[in-house]
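Student: Our numbering puts the first residue of the sequence shown at 29, with every later residue one more than the last. Here a beta-carbon is modelled for each residue, glycine too, at the ideal position from N, C-alpha and C.
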Amino acid sequence: MKKQEIEVMSEKEERLVDVLQRLEFGRGTAKTLVYMLVRKTAARSKDIERAVDLGQPEVSVGTMELRNLGILSKRDAPKKGKGRPKHLYILNKSVPEVRDFLIKRAQEKIEENERDLELLKTLIGEKRNGTTK
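1. For A71, which three-state DSSP category applies?
2. Give a yes or no on whether the C-beta atoms belonging to K108 and T91 are separated by under 8 Å.
3. Is it right to say G56 is buried, meaning 16 or more other beta carbons lie within 10 angstroms of its own, or is it exposed?
4. To test your reading of the DSSP string, which unbroken beta strand (DSSP E) runs of 3 or more residues are found completely within the stretch 45 to 122?
5. Compute the Euclidean distance between the alpha carbons of L151 and F53, then round it to the nearest angstrom.
6. If you run the structure through DSSP and keep just helix, strand and coil, what is V126?
7. Among V45, V62, I76 and S38, which one has its Cα closest to the Cα of H115?
8. Output yes or no for whether 8 Å exceeds the beta carbon distance between V200 and Y63.
9. How close, in whole Å, do the beta carbons of K121 and F129 come, if the pair is a contact with beta carbons under 8 Å?
10. Roughly how many angstroms separate the alpha carbons of K68 and G98, rounded to a whole number?
11. Which residues in the same chain as V45 place their Cβ atom closer than 8 Å to its Cβ, once the five residues preceding and following it in sequence are excluded?
Listed below in structure tokens is the structure:
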């Protein structure tokens with residue numbers, strides 16, 4: 029039987045996953061992104077699944093979302109023989125570029141929340157029968 033090391037997310041990486049989820053990334057997307065940021069090299073879907081303890085559907089959704097955001101790209105991996113093609117996922121951006129993207133996204137979310145808060149104050153503070161309620 030072939031021995032294989034199993035990668036496990038550190039506490040710091042798990043905390044980053046939590047932050048990304050609060051920024052409205054799905055769990056699979058957040059875990060996939062953290063794995064790719066730590067790994068910094070091409071990875072197969074199966075590698076991601078094992079390392080972050082996700083199933084194939086969650087990893088597929090995560091990689092698709094990250095590809096749509098321009099963070100990841102997909103290329104065909106060389107294969108031996110016949111069968112389904114294997115894909116490799118690669119970061120399109122450097123770690124600092126991804127960090128800047130995430131900071132910008134968080135700032136936009138803050139601005140959106142501030143606009144919603146002001147709207148809420150305005151709508152609830154509307155006058156009714158000559159008094160503010």
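Tutor: With the given structure in hand:
1. Residue mapping note: residue 71 aligns to position 43 of the sequence shown, counting from 1. Reduced to three states, the DSSP call for A71 is strand.
2. Start at 1 with the first residue of the sequence shown, and residue 108 comes out as number 80. Start at 1 with the first residue of the sequence shown, and residue 91 comes out as number 63. Taking 8 Å as the Cβ cut-off, K108 and T91 do not qualify as a contacting pair.
3. Within the sequence shown, numbered from 1, the residue matching residue 56 stands at position 28. Looking at its Cβ environment, which holds 16 or more other Cβ atoms inside 10 Å, G56 is buried.
4. 100 to 104 and 115 to 119
5. What you label residue 151 is simply residue 123 of the sequence shown in a count that begins at 1. What you label residue 53 is simply residue 25 of the sequence shown in a count that begins at 1. Cα to Cα, the separation comes out at about 30 Å.
6. What you label residue 126 is simply residue 98 of the sequence shown in a count that begins at 1. Looking at V126 - three-state DSSP - the assignment turns out to be helix.
7. One-based indexing of the sequence shown puts residue 115 at position 87. For the residues V45, V62, I76 and S38, the minimum Cα distance to H115 belongs to I76.
8. Residue 200 cannot be examined here, being either before or after the span of the chain that is shown, 29 to 161.
9. As a working note, residue 121 is residue 93 in the sequence shown. As a working note, residue 129 is residue 101 in the sequence shown. 7 Å between Cβ atoms; contact.
10. Residue mapping note: residue 68 aligns to position 40 of the sequence shown, counting from 1. Residue mapping note: residue 98 aligns to position 70 of the sequence shown, counting from 1. The straight-line gap from Cα to Cα measures roughly 15 Å.
11. Reading the sequence shown from its first residue, position 17 is the one you call residue 45. Once the five neighbours on either side are set aside, the close Cβ partners of V45 are M37, R55, A58, K59 and V62.
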